[in-house]
Every structure is written in C-alpha cells, then in structure tokens.
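S.K.: Mind looking over this structure? Questions follow.
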C-alpha cells in the first residue's frame, strides 16, 4: 500500500485523462499463455502511461507516481474480445521452454513443441475517464508530458493506441471525486444517441441531461482490494503491491436535453428492437 500523500489541499491538482480506443487491455494476473484484462484501467497501467509520457526508463523510481490518488469512471464499458494466437519459430525449430540451463540459455521443449497457443483478451470500444490527484507541481508536469509524450503511449499494451483527446486538462482546487462528477459524459456519439432513444421510449431515466456512471477511487477505508500497484517496471525485479478501493455511482452531465418519454401504444404493443437500443 503506497504512503498517504500529505500535500495540503490548496497545493493539489487533478489531471483528467480520457482513455479510449479501438482496443484496451489492462492485465493484473496474466500468465504467458493467457493474457486477461480487467474491466477498467489498473493503477499499474495508468502509472506506466504517465511514466512513458514523462520519458522515465523502466528502472526509474516510481514512488511519486504511485503516490498519486487514482479515480476511474466508466463512461462506456465496451465489450470483451478474445484473440486467438499461435506462436512458432520462423525457422521451423522447436520452441524453447521457460526454464534455463546453467549458462542462462532457455532449454528446448521436451518432447519438441513447434506451436504454442495463447489467448489474449481485450476491451473493444471502451471509454474511461481517469483522474490522478497529487501535488500540483507534479500533476502539471505530467499533464504537459501527456500532451507531448517522450515515448509512445498505450492503453495497457503497446498495440493498444489511444484516440484523441487523451488529456482533458488539469483541474486546480477541485477534489478528485468532484472532478469526475462534473466532467461531461465521454461516451461516443452512437452510445449517446442510443441513450436518448431509450429515454424517448421510457426505457431510461426521464432526465437524459444526466446519466449514472460507475466509478472507483483509491480509499484506505475502501471495501475492495486491487493488487495492481507497481513497485518497479524493471524486467529483472518487477513487483506489485495492493491498494484499497471504494466503488460508487456518479450522476454526470450528458450534454443531452432532458427528454420526455413517449406514451406506450394503446394496444399494449412492444418494439422488439428496443432491447438492442435501435
């Protein structure tokens, strides 16, 4: 568990990041042949993104980044994609195994294995609003780094590139929870229109100018635990610690006008496409 940040409230700031893209993957307990993803960004993934933006090498100290307080809002959960992989040596040679010999060279598989099957999981078309809170000076520097990153940025894996805008700016004098609650809904246009159509059919809240979104926050008194706090990204001594998390719902402005549901048909008919959001 990282140490509690004792920076006075007046010297703190919040950086808002919009994490969206065709694919995202946030692993927290992956093995080689099965690479899972959590339903939302992990702290290790966000810290890694910030470290890459700031140009920090893998061996760099992460104490200041780990000490940032994290909040995640799920604006669009996306859907799960399983990607089927096969791995082979292009020379047609047997694949090596994980074990190494006395010289540090990987041993060949026995019996010989020429193809290895792996399963990798991704989130498709997901959108998250991530907030990191900490000392204003550090947060401001990180905000500038995300806008002009030193290294390419990714959403959990190198192949998962983010769409723009990535940074929504730095908020000074605003608590993390308030910043997440006040920032407008970041879902894509298709999702927003579907929500508006559901409201007109009476399948969504009457006030379509607001939407309830799930959110989670770093909280030492939270009732959930995540094992995703990075101690080091050094390949020779990677390690993770845990953090306490609190979950709640936020009422967020949508940018849509309040809609009045239409009256149901007098004959009691129904729309079979309503459940699909069409």
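Numbering (this note's numbering), first residue to last: 4 to 281.
Backbone N, C-alpha and C define an ideal beta-carbon position, used for all residues, glycine too.
1. Do residue 170 and residue 20 come within 8 angstroms of each other at the CB atom, strictly closer than that value?
2. Mind checking residue 106: buried by the 16 CB within 10 Å criterion, or exposed?
3. Residue 196 by DSSP, collapsed to three states: which one?
4. Between the Cα of residue 50 and the Cα atoms of 213, 236 and 151, which residue gives the shortest distance?
5. How about the stretch 215-230 and the stretch 179-188: do they share at least three Cβ pairs that are nearer than 8 angstroms?
6. Between the Cα of residue 176 and those of 126, 27 and 138, spot the shortest distance and give me the residue it belongs to.
7. In the DSSP assignment, what are the bridge partners of residue 87?
8. Looking at the structure shown, is residue 218 part of a helix, part of a strand, or coil, going by DSSP?
9. Between which residues of its own chain and residue 28 is the CB-CB distance below 8 angstroms, once the five residues before and five after are set aside?
10. According to DSSP, is residue 73 part of a helix, a strand, or is it coil?
11. Counting along the chain, where does the beta strand (DSSP E) carrying residue 148 start and finish?
12. If we ignore side chains and look at the alpha-carbon of each, how far apart do residue 195 and residue 248 end up?
13. Beta-carbon within less than 8 angstroms of residue 84's beta-carbon, same chain only, minus the 5 sequence neighbours each way: which residues are those?
14. Compare the Cα-Cα distances from residue 113 to each of 98, 91 and 213 and report the closest residue.
15. Taking all protein chains shown into account, decide if residue 66 is buried (16 or more other Cβ within 10 angstroms of its Cβ) or exposed.
16. Out of 189, 155, 149 and 180, which has the shortest C-alpha to C-alpha gap to residue 172?
17. Determine the contact status of residue 156 and residue 56, defining contact as a CB-CB distance below 8 angstroms.
18. At the level of alpha carbons, what is the spacing between residue 129 and residue 96?
19. What do you get for residue 30, buried or exposed, if any count of 16 or more other CB atoms within 10 angstroms of its CB means buried?
20. Using 8 angstroms as the threshold, is the C-beta distance between residue 134 and residue 17 below it?
21. The beta strand (DSSP E) that contains residue 172, what's its start and end?
22. Per DSSP, residue 257 forms a beta bridge with which residues?
23. Going by Cα to Cα distance, which pick from 22, 81 and 32 is closest to residue 193?
24. Quick one: using the 10 Å Cβ neighbour count with 16 as the cut-off for buried, is residue 257 buried or exposed?
25. Got a sec, what are the start and stop residues for the alpha helix (DSSP H) residue 54 sits in?
M.R.: Per the coordinate set shown:
1. yes
2. exposed
3. helix
4. 236
5. yes
6. 138
7. 122
8. strand
9. 38, 40, 123, 124, 125, 126, 158, 159, 160 and 163
10. strand
11. From DSSP, residue 148 is part of no beta strand (DSSP E) but of the alpha helix (DSSP H) over 139-150.
12. 29 angstroms
13. 26, 124, 125, 126 and 127
14. 98
15. exposed
16. 149
17. yes
18. 39 angstroms
19. buried
20. yes
21. 170-175
22. Paired residues: none, contrary to the question.
23. 81
24. buried
25. 46-56
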